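Sequential numbering of the sequence shown, starting at 4, is according to the numbering used here.
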Amino acid sequence: MYCNNCGAVNEDKANFCVNCGAKMLAATAVVNPGAIIAGTAAPPTPAQMPPAVLPSAAPAAAWPAAPDQQAVQTSGKAVASLILALSNGLFMFFCFPLAILAVVFGHISRSEIAKSAGRLKGAGMALAGLIIGYAGLSVLPLLIIAAIAIPNLLGARVSANEAAAIGSLRNITTAAVTYQAEYPDKGYPLSLEALGTATGDQPAFIDSELASGSRSGYRFIYTPIDDNGDGMVEGYLLNADPISPGTTGKRHFFSDETGVIRVETSQMANKQSPQIE
Numbered sequence: 004m005y006c007n008n009c010g011a012v013n014e015d016k017a018n019f020c021v022n023c024g025a026k027m028l029a030a031t032a033v034v035n036p037g038a039i040i041a042g043t044a045a046p047p048t049p050a051q052m053p054p055a056v057l058p059s060a061a062p063a064a065a066w067p068a069a070p071d072q073q074a075v076q077t078s079g080k081a082v083a084s085l086i087l088a089l090s091n092g093l094f095m096f097f098c099f100p101l102a103i104l105a106v107v108f109g110h111i112s113r114s115e116i117a118k119s120a121g122r123l124k125g126a127g128m129a130l131a132g133l134i135i136g137y138a139g140l141s142v143l144p145l146l147i148i149a150a151i152a153i154p155n156l157l158g159a160r161v162s163a164n165e166a167a168a169i170g171s172l173r174n175i176t177t178a179a180v181t182y183q184a185e186y187p188d189k190g191y192p193l194s195l196e197a198l199g200t201a202t203g204d205q206p207a208f209i210d211s212e213l214a215s216g217s218r219s220g221y222r223f224i225y226t227p228i229d230d231n232g233d234g235m236v237e238g239y240l241l242n243a244d245p246i247s248p249g250t251t252g253k254r255h256f257f258s259d260e261t262g263v264i265r266v267e268t269s270q271m272a273n274k275q276s277p278q279i280e
């Protein structure tokens, strides 16, 4: 029995072709009455005759692959998103155009991957690019806030230090006058350390921090004046200057035994400097 599909020879009782697997059709003999009467054999039926030579089936590789069998590709935009985001990290997240491009490519690639029906991959790379890109963009508002807040904080600190320096000058002036009244044979003190040292029942006139010559970002320089050279201190010069000009303070202050406080903005103050307002 021949297969009606591919022409292969099969057993007479076969239900399916051994070559192509097609279902076999039962052979139907056409009886010729005349031939029976004459005692001759009936001619073979079409099912019993070998079919004409059919073209062999084309190999499977010659046919285009089905859409679901095509190779899965990595989204180029997902790769670009991740590379741009990492490149921004090399610039300490300060190159904001790279962060913006990373976010844009990340969103586009994730949208294309979701619509590709499995033909594109790289959603993880796109997500990583988005996360790093948004992290880079978050630096921008922080920088803006810092640019506004830091100068205000520094300005407040400078103002506080200058106010503390003026208060310290007045404390030293009061202590020096009190010292002169307590020790009329000595006059004014020889140093700030003398004002910060307790003697007998007499407590210190100023605290130890101020007596050391430094407080609240200012350095205090005390210079006694002995015009006659007899050991009697008739006066003194007192300067208060910022330890780090522009950072711990901007103004320079001066005072003496008169108690008047004078100020300069770019140099050490002296007796000719304008009085503080």
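Positions of the beta carbon are idealized from the N, C-alpha and C atoms, including for glycine.
No experiment lies behind these values; they were computed from the predicted model shown.
Local Cβ density within 10 Å of ALA152, reported as buried at 16 or more and exposed below that: exposed
CB contact flag (PHE256, ILE169, <9 Å): yes
Segments of 4+ residues assigned as alpha helix (DSSP H) that fall wholly inside the stretch 179-205: Correct list: 195-198.
Euclidean distance between Cα positions of ALA167 and GLY252: 10 Å
Straight-line Cα distance separating LEU140 from TYR225: Going by the C-alpha atoms only, they are around 53 Å apart.
Test item: CB-CB of GLY92 and ILE135 under 9 Å: yes
The stretch 226-237 contacting the stretch 188-196, beta-carbon criterion three pairs below 8 Å: yes
Proximity to THR200 [Cα-Cα], best of ALA150, ALA179 and ASP15: ALA179
Cβ-based burial, TRP66 [other Cβ within 10 Å; buried from 16]: Note that TRP66 scores 49 on pLDDT, short of 50, meaning its location in the model is unreliable; the coordinates nonetheless yield the value given after this. That one is exposed.
ARG254 - DSSP class collapsed to helix/strand/coil: coil
Completely contained beta strand (DSSP E) runs for the stretch 210-241, where each covers 3 or more residues: 221-228
Beta-bridge pairing of LYS124 - partner residues as DSSP gives them: DSSP output for LYS124 lists THR77 as bridge partner(s).
Inter-stretch contact (C-beta, 8 Å, three-pair minimum) for the stretch 171-178 and the stretch 198-218: yes
Beta strand (DSSP E) segment containing VAL266, residue limits: 265-267
Nearest-angstrom Cα separation, counted from ILE209 out to GLU196: Put simply, the backbone Cα of GLU196 is about 9 Å away from that of ILE209.
Residue interval of the alpha helix (DSSP H) (run including LEU28): Per DSSP, LEU28 belongs to no alpha helix (DSSP H) and is neither H nor E.
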